[in-house]
Each structure stands twice: as structure tokens, then as C-alpha cells.
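Just so you know, UniProt numbering puts 115 at position 115 of the sequence shown, and the rest follows in order with no gaps.
Take a look at the structure set out below.
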Amino acid sequence: MALGKLLHDHTGHTGEAGTIDHPRAYELVAGIGFLGRRREIFTRLAALSGVRPGARVLDVGCGTGYLTRILAPVAGPSGHVTGVDPSEAMIAHARRRAPGNCSYQVGAGQALEVPDASVDVVVSSLAVHHMPADARGTAVREMFRVLKPGGRLLIAEFRPPSNHLLTHLVGALTGPEMRHSPKDLLAGLIPEAGFHVEDEGDLPVMLFYVRAVRPAA
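Listed below in C-alpha cells is the structure:
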């Protein structure tokens with residue numbers, strides 16, 4: 001059985017989308033998958049996000065809260081980072097490790113319980129591909145809705161290896177969704193939601209990111 005099948009609960013979902021409900025196993029796999037560089041890479045994501053002291057930040061598909069905990073000291077005591085994830089197990093894990101300016105809620109990216117135009121920065125790392133295919137567009141539109149005009153979006157997704165055999169090996173370990181190009185996954189979703197894409201690029205250990213902004217007017 002693929003490791004992705006062990007980590008994921010696909011109950012009630014079509015295709016390969018689903019929730020991850022084994023936080024300790026996920027943390028172990030993530031540590032191995034990022035070749036010991038996970039904190040370095042996610043610190044770079046935090047820098048790319050544009051979070052500043054005092055910012056209100058939303059992490060969609062926060063999982064164990066790893067990125068929220070890196071963003072928390074950047075936002076500082078006058079800021080706040082909220083993590084949202086559909087998995088109760090992941091949120092429970094995140095809450096046990098939450099800094100004082102972090103909070104977590106169980107919820108789906110396509111139905112955020114967050115007021116309109118109330119967030120300065122939205123981040124989402126390795127989450128969009130877990131969503132049902134027909135819900136991804138709605139989720140990105142929700143990110144647009146909750147951002148203030150001029151607010152910033154950062155989405156990071158898994159980038160399969162360039163080697164064809166390695167790509168299939170990764171798919172066997174993690175599930176078929178991870179075999180696909182993140183550019184194909186995100187290309188239409190972000191601009192169609194109303195965002196202006198500022199830049200995109202690769203990060204070490206097979207990550208691809210897109211930075212975008214909700215237009216000020």
C-alpha cells in the first residue's frame with residue numbers, strides 16, 4: 001500500500017483528495033522528504049509570504065501547524081496567525097504546540113469561516129492538491145474573499161522530480177496527485193479567482209510557489 005494511502009482518509013471524497021489524519025506519521029515523512037532541510041525551506045516560504053509585524057495571517061490547509069509556528073514570531077505579538085485544516089487530528093496536534101499568537105480551527109478551504117477582507121496575508125503549503133478537484137477553484141476564491149484589498153497570497157505545492165522514474169516512485173509513495181505539475185494545478189486557479197500573479201519559482205527539495213496579490217481596487 002502506498003504511504004499516501006496510509007496517511008490519507010478519503011472517506012466522502014472522490015478521486016485522491018482527502019484529509020491527512022496521522023500527524024505524527026506526517027511529521028516523520030515530512031522530515032525525511034525534505035532531507036533534513038524542512039525548517040530552512042519553510043523559513044524561506046515565510047520570507048516570501050510578505051508577512052510583517054502586526055499582520056493578520058491565515059494558513060489554509062495548515063496541517064500540523066508547522067508553517068504557522070514559523071510565521072508567528074514574524075507577525076509578532078501584535079499580529080495573529082490562524083490555521084485552518086479539515087482534519088481534527090491535525091488541528092489537535094497543532095493546538096498542543098500553538099504559540100500565544102496562533103489559533104486553529106477545523107474547516108475546509110472552500111468554506112472558510114473568516115470575515116470578508118479581514119486578512120493581510122493568506123498562505124497555503126502542500127494543501128491544494130489534497131482538496132477535491134471540483135473544490136479547488138472555490139477554495140482559491142475564498143482566499144481572495146478573506147484578503148484585504150492589497151493583501152498577499154502565497155501558495156506552495158509539491159514539484160515532482162524531473163526524472164520520469166523518480167516521479168513515479170514519488171507517486172507510489174505519496175499518491176498519484178503528487179505526480180502532477182503544480183504549474184498545471186495552479187495556473188488557472190489563481191488568476192481566475194481575481195488575483196494578480198506577481199511571481200513564481202522553485203525552491204529546494206521539490207517545491208514550487210506562486211505569489212499573488214488581491215488588487216487594491
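We put the beta carbon where it would ideally sit given N, CA and C, even for glycine.
Secondary structure note for E142: its alpha helix (DSSP H) is the uninterrupted segment 136 to 146.
By the criterion of a C-beta distance shorter than 8 Å, G31 is surrounded in its chain by R38, once the five residues flanking it on both sides are discounted. The alpha-carbon of E198 is positioned some 11 Å away from that of Y209.
Considering only A98, S87, R52, the residue with the shortest C-alpha distance to R69 is A98. Under the three-state reduction of DSSP output, H80 falls in the strand class. Distances from the alpha-carbon of I190 to those of R141, A133, G76 put R141 closest. In the same chain as T64, and ignoring 5 residues on each side of it, the C-beta atoms closer than 7 Å to its own belong to P23, Y26, E27, M90, H93, A94, in chain order.
Contact between I41 and V213 does not hold, since their C-beta atoms are separated by about 23 Å, which reaches or exceeds 8 Å. If you ignore the 5 residues before and after L185, its C-beta comes within less than 7 Å of the C-beta of V128, H129, E157, all in its own chain and listed in chain order. DSSP places H93 within a helical segment (H, G or I) once states are collapsed to three.
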